[in-house]
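The opening position of the sequence shown corresponds to residue 2 in our numbering, with each subsequent residue numbered one higher.
To start, the structure itself, in structure tokens.
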Amino acid sequence: MIVVNKELIGLDRVGMTYEAASGPVEALAGISLSVGAGEFVSLVGPSGCGKSTLLRIVAGLRPAAVGTVTVAGRAVREPIPDIGMVFQAPILLKWRSILQNVLLPAELAGQDAGALQGRAQQLLDMAGLSGFGDKLPRELSGGMQQRAALCRALLLDPPLLLMDEPFGALDAMTRDDMALELLRIWGERDLAREARKTVLFVTHSIPEAIFLSDRVVIMSPRPGRIAADLKVDLPRPRTVELRASETFGRLSLEIFRALTGRSGAGTSA
Numbered sequence: 002m003i004v005v006n007k008e009l010i011g012l013d014r015v016g017m018t019y020e021a022a023s024g025p026v027e028a029l030a031g032i033s034l035s036v037g038a039g040e041f042v043s044l045v046g047p048s049g050c051g052k053s054t055l056l057r058i059v060a061g062l063r064p065a066a067v068g069t070v071t072v073a074g075r076a077v078r079e080p081i082p083d084i085g086m087v088f089q090a091p092i093l094l095k096w097r098s099i100l101q102n103v104l105l106p107a108e109l110a111g112q113d114a115g116a117l118q119g120r121a122q123q124l125l126d127m128a129g130l131s132g133f134g135d136k137l138p139r140e141l142s143g144g145m146q147q148r149a150a151l152c153r154a155l156l157l158d159p160p161l162l163l164m165d166e167p168f169g170a171l172d173a174m175t176r177d178d179m180a181l182e183l184l185r186i187w188g189e190r191d192l193a194r195e196a197r198k199t200v201l202f203v204t205h206s207i208p209e210a211i212f213l214s215d216r217v218v219i220m221s222p223r224p225g226r227i228a229a230d231l232k233v234d235l236p237r238p239r240t241v242e243l244r245a246s247e248t249f250g251r252l253s254l255e256i257f258r259a260l261t262g263r264s265g266a267g268t269s270a
């Protein structure tokens, strides 16, 4: 049985309203969520429900209109330094080598990039990018570029990873490979939960959410609210064979129903 560690992320009745030309738009309403240290939690929901906005609020890149946000027990009122962010596109600087891209967070943080070159190379090796550090982004495939972006997010060893559909633009086979790679880098095989990073992961893919996560949080259409919070009771380390299990199928159907209000038995509701 997994023992949940102390809370790392806390959201209490968080809401967000945008000012648009046509008037105010309520993006999020009444979001209360707790994520324990070392947990892998996925957010799924329809487009426009505020998943990406929620990540930015947790990161301190956008203030919540109402409610409180804490990370590691501290209120979030400005961008927080101890996070790694990975987006749908790798966003690598095309004129810098892969190794230089991975070292970028050190430069931005005012740290000695040279002192972290060994760690950067170790991360590239771990991600299957040995020998590609001196290549430019255009010389790598999309999946390899996304691996490099993940290495960049891990360079300063942040305790928290925020990932916004990082595999959404990849083909199905590369996406599956990247999911397995992420679990390996995350530390899925570590017996001690505290040895793992905390991950908040946005995806539109139900199978991907189940395969990766300890919990799947389902959000409603705008304004985004938490419609369900489901525990993924599947053994780790995860294997491709688990996708054929009865538990995996049951969870997929449960999430589908929560998202759509449909039974899943046919095309009509």
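No residue lacks a Cβ here, since even glycine has one placed at the ideal position from N, Cα and C.
- Boundaries of the alpha helix (DSSP H) around E255: 247 to 261.
- Residue environment: V72 is assigned as buried (16 or more neighbouring CB atoms within 10 Å of its CB, all protein chains considered).
- Here G169 is not near A28, since their CB atoms are 8 Å or more apart.
- Counting of Cβ neighbours within 10 angstroms places D230 among the exposed residues, the total staying below 16.
- Assignment of I99 by DSSP, reduced to helix, strand and coil, places it in the helix class.
- As DSSP reads the structure, E20 sits in a beta bridge with P25.
- Assigned with DSSP and collapsed to three states, T240 falls in coil, not helix or strand.
- Counting along the chain, K232 sits inside the beta strand (DSSP E) bounded by residues 227 to 232.
- Looking at the backbone, the Cα of L34 and that of G262 are separated by about 22 Å.
- If you compare the alpha carbons of N102, Q146, I84 with that of I10, the shortest gap goes to I84.
- Taken through DSSP and simplified to helix, strand or coil, I81 comes out as coil.
- Residue pairing by DSSP places R57 opposite no residue, since no beta bridge is assigned to it.
- One thing to note: G115 has its Cβ no nearer than 8 Å to the Cβ of L125.
- Annotation: T248 to Q101 spans about 43 Å, alpha carbon to alpha carbon.
- Between D165 and V203 a beta carbon distance of about 5 Å is seen, short of the 8 Å cut, so the two are scored as contacting.
- When the alpha-carbon of V42 is set against those of G250, L162, D215, V26, the nearest one is in D215.
- Per DSSP, reduced to three states, the secondary structure at I92 is coil, with no helix or strand assignment.
- DSSP places T175 within a helical segment (H, G or I) once states are collapsed to three.
- With 16 or more other CB atoms across the displayed protein chains lying within 10 angstroms of its CB, E209 is buried.
- Leaving aside the five residues that flank L161 on each side, the residues in its chain whose CB is nearer than 6 Å to its CB run, in chain order, I84, T199.
- As the crow flies, the alpha-carbon of L44 is around 10 Å from that of C50.
- DSSP places A110 in the coil class of the three-state scheme, outside both helix and strand.
- Between I211 and V233 a beta carbon distance of about 6 Å is seen, short of the 8 Å cut, so the two are scored as contacting.
- Note: A76 is bridge-paired with T71 in the DSSP secondary-structure output.
- Under the Cβ criterion (8 Å, minimum of three pairs), the region 103 to 112 does not count as touching the region 50 to 63.
- Unbroken alpha helix (DSSP H) stretches of 4 residues or longer found wholly inside the region 124 to 193: 143 to 155, 173 to 187, given in chain order.
- Take S98, set aside five residues on each side of it, and the residues of its chain with a beta-carbon closer than 6 Å to its own are D135, in chain order.
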